[in-house]
Amino acid sequence: MTTRLSNTSDLWWKNAVIYCVDVETYFDGNGDGIGDLPGLTQRIDYLAELGITCLWLMPFYPSPDRDDGYDVTDLFGVDPRLGTHGDLVELIRTANDRGIRVIADLVVNHTSDQHPWFKAARRSKDNPYRDFYVWRSDPPPDTSDKVVFPDKEDSIWELDEKTGEWYLHHFYRCQPDLNFGNPAVRDQIAKSIGFWLQVGMAGFRVDAVPFLVDDIDTEAPDVPGDPHEYLKELRAFLGRRRGDGILLGEVNLPHKDQRQYFGGTAGDELHMMFDFISMQAMYLSLARQDARPLAKALKARPSIHPDCQWATFVRNHDELTLDKLSDSERQEVFAAFGPEPEMQIYGRGLKRRLPPMLDADPRRVRMVYSLLFSLPGTPTLYYGEEIGMGEDLASEGRMAVRTPMQWERVANGGFSTAPARKLVQPVVPGGFGPDHVNVADQKRDPDSLWNFMRALIQTYRECPELGWGDFTVLQQPLRQVLVHRCSWEGSSVVAVHNFAAEPVTVAFALDPRDTEGEGPIWLEDLVARGSEEPQPDGTVEVALEGYDHRWYRVRRDDLPRP
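Residue numbering for the sequence shown follows UniProt numbering, beginning at 1 and increasing consecutively.
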């Protein structure tokens, strides 16, 4: 028992509930139209009531804000529009007091072109900061197939007129890539990590990891032989500074490649990684009303080190990318959930939130979030998901889903007291606007999505099997149903989800080990608080309505209780 308690406390993130917030669109504490750190601090009790255990902050660093804060001008600073270092410390202290850890976006693949390092690098070819970035003197070849934002850029190289050389930028031209072949760059990044850990951060969501460690354009003699050595160095440094700190990586690659970013069998690189493959397969399953694509993706997950973890999500703060689906599969999802051109982005994804895609069908929306929290891994929510916020298709690109949080049925949704024209982003209009979707109304309604999500989070937190256990897809004959099981230290949770609108009855078999031993066995319904009894051969039959879901714990008097 001592070992179990030690492991679960050290690896707190294995069964955390992560909540992503864009500070500037969450809550405006001073009425200037921009969300800020003091405003977010006022909402910490709201997050604690919901059941959040880890708060992920999107970039709050000084920035010209040409890429929503991902164009950073100071790795050690706080954007004055959002507050001060003191405000950030107060936020972290308040969150920690409520049992919520705080992690920050680590944006180190590139800087803003307004960063002092890059301004110095442009002054001359022999400036000491020149090698902080990647340059070439000869005209670059066609690299249009390598750009991240094909609607904005047609090359990953940009000519600097003053010095006559081209600098590398995989993202926007205003975001020159840093040169990780330069030890001075690696040292500055380590110092920034150490600084934010000292301020109180519990770790980092690492932006654009593949570009950081495996960029063929940054080859240099000073780089260790294996580019993954740099990730190992970062993790070791983080561990020395904060033993329970985490690196949560954005790695949108096939499963076989993701395993390498965990550190393979050693598990000594990223602690956690978003499972983009299963997320995209989930949308294909939703479009087809067929659970098999998701089941296939989950079963294809590679084995990872016990000290590593998958992070699961329905959508994140960027576009809903579908780039790992085939062209025909992607078109299926587009046809089902984003048939209009203004709903699509970059030819590979959707600029939509879940409820509008599902026509606000509460059964289907709740089934998807039940699925999210029951899948093996750590669930990650994007702010507003708990109330079913929609998107603003009139906003450009990714900003369609980065709209102000909707707190009340009042002007600006209660986000800010400033005139609407001064808001950092427009509030979502129409049927998904704050007149119809807001926190205050839903907290008062026992049948609301918010109360469903709060109860779901509580149930998840009572099921350590989901974060810690071994995962199995259980065999059953219905393509529209997913039945899966997570088992840990002798205890098991079985989840059943119907992806289709038609009612079904599904039969599946328990693990033979469950039927061994003394006393009757039954399945305790963790959602409806009822129970199911298996047949003598261990087969269980469950009747499901359209888009229905169940969570069961396998119970017997002599089975361990979590």
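Cβ coordinates follow ideal geometry from the N, Cα and C atoms, glycine included.
These numbers were taken from a predicted model, which means no experiment stands behind them.
Suppose contacts are defined by Cβ-Cβ distances below 8 Å. Is S448 in contact with E465 by that definition? Result no, Cβ atoms of S448 and E465 do not sit closer than 8 Å.
Secondary structure at I34, three-state DSSP: helix, strand or coil? The answer is coil: DSSP assigns I34 none of H, G, I, E or B.
At what residues does the beta strand (DSSP E) containing N498 begin and finish? Counting along the chain, the beta strand (DSSP E) containing N498 begins and ends at S491 to N498.
Give the DSSP-derived three-state secondary structure of P140 in the structure shown. Reduced to three states, the DSSP call for P140 is coil.
Terminal residues of the alpha helix (DSSP H) in which Q114 lies: For Q114, there is no enclosing alpha helix (DSSP H), as DSSP marks it with neither H nor E.
Whole-angstrom distance between V314 and R348, CA atom to CA atom: Straight-line Cα distance between these residues: approximately 16 Å.
Could you tell me the boundaries of the beta strand (DSSP E) in which S487 lies? Here the beta strand (DSSP E) through S487 covers V481 to W488.
Our contact map puts L482 next to L294 with C-beta atoms below 8 Å; I'd like the distance itself, whole angstroms only. Indeed they touch by this definition, with Cβ atoms about 6 Å apart.
Can you give the Cα-Cα distance for P534 and P379, rounded to whole angstroms? Between P534 and P379, the C-alpha separation is close to 30 Å.
G77 - partner residues in DSSP beta bridges: For G77, which the question treats as bridged, DSSP gives no partner whatsoever.
Can the beta-carbon of K422 be found closer than 8 Å to that of G83? Not closer than 8 Å, so no.
Beta-bridge partners of M272, as assigned by DSSP: Partner(s): L248 and Q309.
With a Cβ-Cβ cutoff of 8 Å, do R186 and E250 count as a contact? If you check the CB distance, R186 and E250 do not come in under 8 Å.
Beta-carbon gap between P64 and Y133 smaller than 8 Å: Here P64 is not near Y133, since their CB atoms are 8 Å or more apart.
What is the rounded straight-line gap between the Cα of M367 and the Cα of D361? Spanning the two alpha carbons is a distance of roughly 10 Å.
Am I right that A495 and W551 are in contact with their C-beta atoms under 8 Å? What's the rounded C-beta distance? Yes, they are in contact, since the Cβ atoms of A495 and W551 sit about 5 Å apart, within 8 Å.
What residue does the alpha helix (DSSP H) around R123 start on, and which one ends it? Neither: R123 is in no alpha helix (DSSP H) and is coded neither H nor E.
Enumerate, from N- to C-terminal direction, the unbroken alpha helix (DSSP H) stretches of 4 or more residues contained entirely within the region 344 to 402. Listed in chain order, the complete alpha helix (DSSP H) runs (minimum 4 residues) inside the region 344 to 402 are 354 to 357 and 362 to 374.
Helix, strand or coil: how does DSSP classify L322 here? Coil, per DSSP.
What's the call for Q344, buried or exposed, on a 16-neighbour Cβ count within 10 Å? Flag for Q344 reads buried.
Span separating the alpha-carbon of E233 from that of E269: E233 and E269: Cα-Cα distance of roughly 8 Å.
Buried or exposed (CB count within 10 angstroms, at least 16 for buried), Q475: Burial call: exposed.
So is E462 in contact with chain D if we call contact Cβ pairs under 8 Å? The structure shown contains no chain D; it holds only a single protein chain.
Restricting to Cα atoms, I'd like to know which of Q480, G164, G31 and W12 is closest to P419. For P419, the closest alpha carbon among the candidates Q480, G164, G31 and W12 is that of G31.
For L159, which of helix, strand or coil comes out of DSSP? For L159, the secondary structure class from DSSP, reduced to helix, strand or coil, is strand.
Would you check if the distance between the CB atom of G35 and the CB atom of E24 is smaller than 8 Å? The answer is yes: Cβ separation under 8 Å.
Boundaries of the beta strand (DSSP E) in which R205 is found, first to last residue: Annotation: the continuous beta strand (DSSP E) that includes R205 extends over G203 to V206.
Can you name the residues that DSSP bridges to E165? D160, per the DSSP bridge assignment.
Suppose you measure from the CA of G390 to the CA of N451; what does that come to, to the nearest Å? Looking at the two C-alpha atoms, the distance is approximately 18 Å.
Which residues mark the beginning and the end of the beta strand (DSSP E) in which H549 is found? Unbroken beta strand (DSSP E) run through H549: H549 to R556.
Is it the case that the region 332 to 342 contacts the region 300 to 319, given that we only count it when at least three CB pairs across the two stretches are under 8 Å? Result no; under three Cβ-Cβ pairs closer than 8 Å.
Does the Cβ-Cβ distance between V428 and T459 come in under 8 Å? It is not a contact, given that the beta carbons lie outside the stated cut-off.
Bridge partner(s) assigned by DSSP for D470: As computed with DSSP, D470 is found in a beta bridge with S487.
Just to confirm, are V365 and L375 a CB contact at a threshold of 8 Å? Taking 8 Å as the Cβ cut-off, V365 and L375 do not qualify as a contacting pair.
Beta-carbon within less than 7 Å of R240's beta-carbon, same chain only, minus the 5 sequence neighbours each way: which residues are those? So the list is empty, once near-sequence residues are dropped.
Does the Cβ of D87 have 16 or more other Cβ atoms within 10 Å, making it buried, or fewer, making it exposed? Around the C-beta of D87, 16 or more other C-beta atoms lie within 10 Å, and the residue is accordingly described as buried.
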